[in-house]
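Below you'll find the structure, written out as structure tokens, and then a few comments.
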Amino acid sequence: MTESTTGGLTGASGLEPLERPQRVAVVGAGAIGGIVAEAAHTAGHHVTLCVRRPMGPLTVERDGLRRTVRLPVATRPDGLGAPVDWLLIATKAQDTRRTLGWIRRLAGPGTRVVVLQNGVDHEERLAPLLAVGELVPALVYIAAERVSREHVQHRWGRRLVVPSGPAGADLGRLFRGSDVDVVCEDDFTTAAWRKLMTNLAANPLTALTLRRIGVLQQPDLRELARGLLTEAVLVGRAEGARLVMSDVDQTLDLYSAMHPHSGTSMLYDRLAGRPVEHDLITGAVVRAADRHEVPVPLNRAVLALLRAFGEQGAVGVQPLAGVG
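Note that this note's numbering has the sequence shown beginning at 66, numbered continuously upward.
See below:
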């Protein structure tokens, strides 16, 4: 969807590899952290997982095949040495401040710090924590689920979208030969808002209903999704994104193309009893709307509902397919 509407996209993963294996630290070993850690390892780099608790070998499953890799694991920043070449932040956005110790220990003047999180305010969120190094915001078009602490299932997608420039090109080189592709985008603001739209209706509505993505094909919920997305187009335009109303239809078409039994990260988090990222998805739209005095009654109502259940999950509940 991004490629057909944004323009200025350049593939970076086809470039020549970097001159030497890179030192890579991945903070957070959830679904996305596991995918990028395995990919960087496959590409021939020295990868360390930075996590809160010890863990064993990491298994990534895709297309029915499982690949298990043994990576060094660090549970404390003070147990690591010199700064790394690449610091990949793959925690949930609400856990960003907990990465400060890792950033202080591992980021040096030549470090690229890649933010693999949802939202449109990557730089605003991370810049205050970064004293040295170069910040690289990334949009993640990868659907994966952590089915256990050391097992990640890669469902679909392999693309990271980053701003055009030397750092983005080098990130493409970093993942060359792996199952992750990097695309450089000239208009990153528009790309970020389009990515936000892909999450804006699907994530909250599946989490609130405890239904999988097929629930969005029900006429009343599809119209609610359309309303949420239409509000986002107006807010995104006020923020400088070149959004058009056809972006709403393209996002709805994306939902229709997904398997009805597919889930979303917010649904998975709620089912596991983890905090959901409402503040960085729906909350981002509401905050931007307030800055520009754009009315967003539907997103504001959904945000209130998401905040109502807060960190209380639904452990043990099996989500319905939502197909009828």
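Backbone N, C-alpha and C define an ideal beta-carbon position, used for all residues, glycine too. All values derive from a computational prediction rather than experimental measurement.
Taking the C-alpha atoms as reference points, what is the distance between residue i and residue j?
{"i": "Ala-290", "j": "Leu-317", "result": "8 angstroms"}
{"i": "Asp-251", "j": "Arg-85", "result": "28 angstroms"}
{"i": "Gln-282", "j": "Thr-274", "result": "13 angstroms"}
{"i": "Arg-117", "j": "Ile-168", "result": "14 angstroms"}
{"i": "Thr-271", "j": "Gly-146", "result": "43 angstroms"}
{"i": "Val-201", "j": "Glu-188", "result": "8 angstroms"}
{"i": "Pro-119", "j": "Val-185", "result": "32 angstroms"}
{"i": "Val-351", "j": "Gly-328", "result": "24 angstroms"}
{"i": "Arg-276", "j": "Ala-196", "result": "42 angstroms"}
{"i": "Tyr-320", "j": "Leu-130", "result": "26 angstroms"}
{"i": "Arg-163", "j": "Arg-170", "result": "13 angstroms"}
{"i": "Ala-354", "j": "Pro-362", "result": "10 angstroms"}
{"i": "Arg-356", "j": "Ala-349", "result": "11 angstroms"}
{"i": "Asp-285", "j": "Gly-144", "result": "53 angstroms"}
{"i": "Leu-153", "j": "Ala-172", "result": "11 angstroms"}
{"i": "Leu-332", "j": "Arg-127", "result": "21 angstroms"}
{"i": "Thr-315", "j": "Ser-330", "result": "Contrary to the premise, residue 315 reads as Gln rather than Thr in this sequence. The straight-line gap from Cα to Cα measures roughly 20 angstroms."}
{"i": "Pro-137", "j": "Asp-244", "result": "21 angstroms"}
{"i": "Ala-232", "j": "Val-179", "result": "9 angstroms"}
{"i": "Lys-260", "j": "Arg-287", "result": "19 angstroms"}
{"i": "Ala-266", "j": "Arg-372", "result": "16 angstroms"}
{"i": "Pro-142", "j": "Val-280", "result": "43 angstroms"}
{"i": "Glu-103", "j": "Gly-338", "result": "26 angstroms"}
{"i": "Pro-174", "j": "Ala-234", "result": "18 angstroms"}
Run through the DSSP bridge pairs and tell me what residue i is partnered with.
{"i": "Ser-213", "result": "His-216"}
{"i": "Asp-246", "result": "Arg-224"}
{"i": "Pro-202", "result": "Val-180"}
{"i": "Glu-126", "result": "Arg-131, Gln-218"}
{"i": "Trp-151", "result": "Val-89, Arg-177"}
{"i": "Val-138", "result": "Leu-114"}
{"i": "Ala-322", "result": "In DSSP, Ala-322 forms no bridge with anything."}
{"i": "Ala-208", "result": "Trp-221"}
If you follow the beta strand (DSSP E) that residue i is part of, which residue opens it and which one closes it?
{"i": "Ala-90", "result": "88-92"}
{"i": "Arg-132", "result": "130-134"}
{"i": "Leu-114", "result": "111-115"}
Over what stretch of residues does the alpha helix (DSSP H) that includes residue i continue unbroken?
{"i": "Val-100", "result": "At residue 100 the sequence reads Ile, which differs from the Val that was named. Counting along the chain, the alpha helix (DSSP H) containing Ile-100 begins and ends at 96-107."}
{"i": "Leu-299", "result": "284-303"}
{"i": "Pro-187", "result": "One point to set straight first is that residue 187 is His, not Pro, in the sequence displayed. Element bounds for His-187: 187-191."}
{"i": "Val-351", "result": "347-357"}
{"i": "Met-120", "result": "Careful: Met-120 lies outside any alpha helix (DSSP H) and carries neither H nor E."}
{"i": "Gly-233", "result": "231-239"}
{"i": "Gly-166", "result": "165-171"}
{"i": "Ala-369", "result": "362-374"}
{"i": "Ala-257", "result": "253-265"}
{"i": "Ser-330", "result": "330-336"}
With a CB to CB cut of under 7 angstroms and the five nearest residues on each side skipped, what residues in its chain are close to residue i?
{"i": "Leu-299", "result": "Val-359"}
{"i": "Arg-88", "result": "His-111, Val-149, Asp-150"}
{"i": "Leu-370", "result": "Leu-273"}
{"i": "Asn-183", "result": "Ala-158, Asn-264, Glu-342, Leu-345, Ile-346"}
{"i": "Val-367", "result": "Pro-269, Leu-293, Thr-347"}
{"i": "Phe-374", "result": "none"}
{"i": "Met-323", "result": "Ile-278"}
{"i": "Arg-135", "result": "Pro-122"}
{"i": "Leu-313", "result": "Contrary to the premise, residue 313 reads as Val rather than Leu in this sequence. For Val-313, where only same-chain residues beyond five positions count, the Cβ hits under 7 angstroms are Arg-291, Leu-294, Thr-295, Val-298."}
{"i": "Cys-115", "result": "Ala-90, Val-91, Val-92, Ala-139, Trp-167"}
{"i": "Met-262", "result": "Leu-294, Ala-297, Asp-312, Thr-316"}
Hey, residue i and residue j are a contact pair by Cβ (cut 8 angstroms); roughly how many whole angstroms apart?
{"i": "Leu-191", "j": "Thr-156", "result": "With a Cβ gap of about 11 angstroms, Leu-191 and Thr-156 do not count as contacting."}
{"i": "Leu-294", "j": "Gly-301", "result": "The pair is not a contact, with the Cβ atoms about 10 angstroms apart (cut-off 8 angstroms)."}
{"i": "Asp-246", "j": "Arg-224", "result": "5 angstroms"}
{"i": "Arg-177", "j": "Glu-199", "result": "5 angstroms"}
{"i": "Phe-240", "j": "Ala-94", "result": "Not a contact, Cβ separation roughly 18 angstroms."}
{"i": "Leu-194", "j": "Leu-165", "result": "5 angstroms"}
{"i": "Glu-304", "j": "Asn-364", "result": "Between Asn-364 and Glu-304 the Cβ distance is about 14 angstroms, and since that is not below 8 angstroms, they are no contact."}
{"i": "Thr-113", "j": "Ala-139", "result": "6 angstroms"}
{"i": "Pro-325", "j": "Asp-334", "result": "Their Cβ separation, rounded to whole angstroms, is 20 angstroms, which puts Pro-325 and Asp-334 out of contact at 8 angstroms."}
{"i": "Ile-207", "j": "Gly-230", "result": "Not confirmed; about 22 angstroms, so no contact."}
Which same chain residues end up closer than 6 angstroms to residue i when comparing Cβ atoms and leaving out the 5 residues on each side of it in sequence?
{"i": "Gly-98", "result": "Val-91, Ala-155"}
{"i": "Leu-83", "result": "Arg-238"}
{"i": "Arg-132", "result": "Val-125"}
{"i": "Phe-253", "result": "Pro-228"}
{"i": "Val-226", "result": "Leu-204, Val-248, Glu-250, Ala-256"}
{"i": "Gly-72", "result": "Residue placement at Gly-72 is poorly supported in this model, since its pLDDT is 41, which falls under 50; the coordinates still yield a value, given next. Around Gly-72: no qualifying Cβ."}
{"i": "Gly-109", "result": "Pro-86"}
{"i": "Ala-306", "result": "Thr-254, Thr-255, Trp-258"}
{"i": "Ala-96", "result": "Ala-209, Glu-210, Arg-211, Val-217"}
Under 7 angstroms, Cβ to Cβ, is there at least one residue of chain B near residue i?
{"i": "Asn-183", "result": "Absence of chain B from the displayed structure is noted, only one protein chain being present."}
Nearer than 6 angstroms: is that true of the beta carbon of residue i relative to any heavy atom of the ligand ATP?
{"i": "Asp-251", "result": "Among the ligands in the structure shown, none appear at all, so the ligand ATP cannot be discussed."}
Using a Cβ-Cβ cutoff of less than 8 angstroms, which residues in the same chain neighbour residue i once the five nearest sequence positions on both sides are dropped?
{"i": "Thr-310", "result": "A small correction: the amino acid at residue 310 is Met; Thr does not occupy that position in the sequence shown. So the qualifying residues of the chain are Thr-295, Val-298."}
{"i": "Glu-181", "result": "Position check: residue 181 holds Leu in this sequence, whereas Glu was assumed. Cβ neighbours of Leu-181 beyond the five flanking positions: Ile-97, Gly-98, Val-101, Leu-153, Ile-154, Ala-155, Ala-203, Val-205, Leu-225."}
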